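Q:
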Amino acid sequence: MKVTYNEKDKSLTLQITEEIDHHYAEKIRTRADFEIQKYIPKKLILDFSKVNFMDSAGIGMILGRYKMMTMFGGSMNMTNVAPNVKKVFEMSGILKIIPIIEEVGGTEIGKCI
Numbered sequence: 670m671k672v673t674y675n676e677k678d679k680s681l682t683l684q685i686t687e688e689i690d691h692h693y694a695e696k697i698r699t700r701a702d703f704e705i706q707k708y709i710p711k712k713l714i715l716d717f718s719k720v721n722f723m724d725s726a727g728i729g730m731i732l733g734r735y736k737m738m739t740m741f742g743g744s745m746n747m748t749n750v751a752p753n754v755k756k757v758f759e760m761s762g763i764l765k766i767i768p769i770i771e772e773v774g775g776t777e778i779g780k781c782i
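In the working numbering, the protein residues as written are 670 to 782.
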């Protein structure tokens with residue numbers, strides 16, 4: 670996982686470099702929790718540009734980070750989501766609470782208002 674913190678706007682970007690299944694979800698969860706607690710960002714961005722597969726373990730991992738961010742008073746977005754991963758998000762209903770942004774600093778899509 671590649672981690673980038675922008676101190677100016679207090680945003681933390683986690684670029685996930687593994688497929689998200691039950692084997693890697695715990696590893697990603699542990700590292701993400703460490704980075705969130707280290708920086709306590711106002712915005713967390715999960716970059717899925719290198720993810721082509723995700724199962725239900727990934728949904729659980731994402732929801733857990735969402736709860737952590739809301740506990741710290743922050744927000745969360747996802748970006749660079751492949752079409753097949755986006756279908757998993759649509760079926761799970763996760764897009765109702767965590768929007769996909771087209772690019773960092775871009776427009777939100779997929780969020781119900």
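Note that CB positions come from ideal geometry on N, CA and C, so glycine has one too.
Since this is a predicted model, take the numbers as computed values, not measurements.
(1) Is residue 723 near residue 735, with beta carbons less than 7 Å apart?
(2) Pick out whichever of 717, 751, 731, 701 has its Cα sitting closest to the Cα of residue 762.
(3) So, is residue 727 buried or exposed, given that buried needs 16 or more other C-beta atoms within 10 angstroms?
(4) Which residue from 764, 685, 754 puts its Cα closest to that of residue 719?
(5) If residue 717 sits next to residue 750, beta carbons under 8 Å apart, how far is it from one beta carbon to the other, in whole angstroms?
(6) Could you tell me the alpha carbon to alpha carbon distance between residue 780 and residue 758, rounded to whole angstroms?
(7) For the beta strand (DSSP E) holding residue 714, just list the boundary residues, first then last.
(8) Pull the bridge partners of residue 675 from the DSSP assignment, please.
(9) Between which two residues does the alpha helix (DSSP H) harbouring residue 753 extend?
(10) Report the partner residues of residue 689 according to the DSSP bridge assignment.
(11) How would you write the range of the alpha helix (DSSP H) that residue 705 sits in, first residue to last?
(12) Among 700, 737, 712, whose alpha-carbon lies nearest the alpha-carbon of residue 768?
A: So, from the listed chains and residues:
(1) The residue you call residue 723 lines up with position 54 of the sequence shown. The residue you call residue 735 lines up with position 66 of the sequence shown. Contact: no.
(2) Position 93 of the sequence shown, counted from the first residue, corresponds to residue 762. Among 717, 751, 731, 701, the Cα nearest to that of residue 762 is on 731.
(3) As a working mapping, residue 727 is identified with position 58 in the sequence shown. Buried is the call here.
(4) Along the sequence shown, read from residue 1 onward, the residue named residue 719 stands at position 50. Of 764, 685, 754, the residue nearest in Cα terms is 685.
(5) For the purposes of this step, residue 717 is identified with residue 48 of the sequence shown, where counting begins at 1. For the purposes of this step, residue 750 is identified with residue 81 of the sequence shown, where counting begins at 1. About 5 Å separates the two Cβ atoms, so the contact holds.
(6) The count along the sequence shown starts at 1 and reaches residue 780 at position 111. The count along the sequence shown starts at 1 and reaches residue 758 at position 89. Low confidence applies to residue 780: its pLDDT is 45, below 50, so where it sits in the model is not reliable, and the reading given next is rough at best. Taking the straight line joining both Cα atoms gives about 11 Å.
(7) Taking the sequence shown and counting its residues from 1, the one referred to as residue 714 is at position 45. Per DSSP, residue 714 belongs to the beta strand (DSSP E) from 712 to 716.
(8) Locating residue 675 in the sequence shown gives position 6, counting from the first residue. Partner(s): 680.
(9) Along the sequence shown, one-based indexing puts residue 753 at 84. Run containing residue 753: 752 to 761, per the alpha helix (DSSP H) assignment.
(10) Counted from its first residue, the sequence shown places residue 689 at position 20. 723.
(11) As a working mapping, residue 705 is identified with position 36 in the sequence shown. Taken as a continuous stretch (DSSP letters only), the alpha helix (DSSP H) holding residue 705 covers 694 to 708.
(12) The residue labelled residue 768 in the question sits at position 99 within the sequence shown. Of the candidates 700, 737, 712, the one whose C-alpha sits nearest the C-alpha of residue 768 is 712.
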